[in-house]
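**Q** I'd like to ask some things about the structure below.
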Ligand SMILES: [Zn+2]
Ligand SMILES: [Zn+2]
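Residue numbers (this note's numbering): -2 to 264.
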């Protein structure tokens, strides 16, 4: 049965190149409520110096508003933290994983490469905040298996359920993923940080605004893989824009289109 989706901005960021959102999803799934990414959490807002490193605070400049946290937003909708049964993460960067500690009972779904990069790596790369996963966490580590989804590898989040898929899009981080969801309006493909600006896939990766290209390059785990996947996404967008809606984590125009429901190519 198609799934119902709510779009949440779980942190406003203010880097020099312009304001960004942290576009997360709340899914009403047959196994309870599910989040795709968490943005910043209540502890990040309360203790920013402890939880977020200085580079992140100075260059990304998060707004740090309690009401933007996923916990605060679901509470306003009448839910409690324990109603969130699953969290699917595109990757573990601080602006995506900060809310994990607000939902300690949820199962956290992640690709094995991303988990290993943080936990089995003597020198985790910048961008991660180990403080955010110090609590007891119920990890559900995924390997790739089964049939492909539109030519992309995938892993089913819920065992045999083919409606919520983890889709590896390596490059931004070693285990970065998109999340494909079959909604009541067709497939929605949340591409996380695989791209930052709609023009990357709707026009061409070379038409990504210059400031964003610079940021992508400096954050990349592997720039060749990131470029390869952006090209694949652009081709996939051109081939399927009537059937699949694409979003990324940080583009405010895409987010507003989803909230307003006025752009069929978005949400
Ligand atoms: Zn990231
Ligand atoms: Zn991000």
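No residue lacks a Cβ here, since even glycine has one placed at the ideal position from N, Cα and C. Keep in mind that this is a model prediction, so the values were computed, not measured.
What's the C-alpha gap between residue 150 and residue 233?
**A** 14 Å
**Q** What three-state label does DSSP hand residue 255 in the structure shown?
**A** It is helical.
**Q** Tell me where the alpha helix (DSSP H) around residue 216 begins and ends.
**A** Run containing residue 216: 207 to 216, per the alpha helix (DSSP H) assignment.
**Q** By how many angstroms is the C-alpha of residue 211 removed from the C-alpha of residue 83?
**A** 34 Å
**Q** Which runs of the beta strand (DSSP E), 3 residues or longer, sit entirely within the segment 127 to 203?
**A** Complete beta strand (DSSP E) runs here, min 3: 135 to 139, 161 to 165, 174 to 180 and 183 to 187.
**Q** Would you report the Cα separation of residue 183 and residue 176, rounded to the nearest angstrom?
**A** 14 Å
**Q** According to DSSP, is residue 31 part of a helix, a strand, or is it coil?
**A** The three-state secondary structure of residue 31, taken from DSSP, is strand.
**Q** Under the criterion of a Cβ to heavy atom distance below 7 Å, does residue 113 qualify as lining ligand 1?
**A** no
**Q** Can you give the Cα-Cα distance for residue 76 and residue 221, rounded to whole angstroms?
**A** 42 Å
**Q** Determine the direct distance from the alpha carbon of residue -1 to that of residue 204, and round the result to whole angstroms.
**A** 34 Å
**Q** Is the segment 151 to 161 touching the segment 245 to 260, taking contact as three or more C-beta pairs under 8 Å?
**A** As far as the Cβ criterion goes, the segment 151 to 161 does not touch the segment 245 to 260, which means the pair count is below three.
**Q** Which residue comes first and which comes last in the alpha helix (DSSP H) that contains residue 303?
**A** The shown model of the chain, from -2 to 264, leaves out residue 303, and the question about it has no answer.
**Q** What is the rounded straight-line gap between the Cα of residue 172 and the Cα of residue 189?
**A** Looking at the backbone, the Cα of residue 172 and that of residue 189 are separated by about 12 Å.
**Q** Which residue or residues does DSSP assign as beta-bridge partners of residue 21?
**A** 5.
**Q** With C-beta atoms as the reference, is residue 130 less than 8 Å away from residue 86?
**A** no
**Q** Should the segment 55 to 68 be regarded as contacting the segment 135 to 152, the criterion being three or more beta carbon pairs within less than 8 Å?
**A** no
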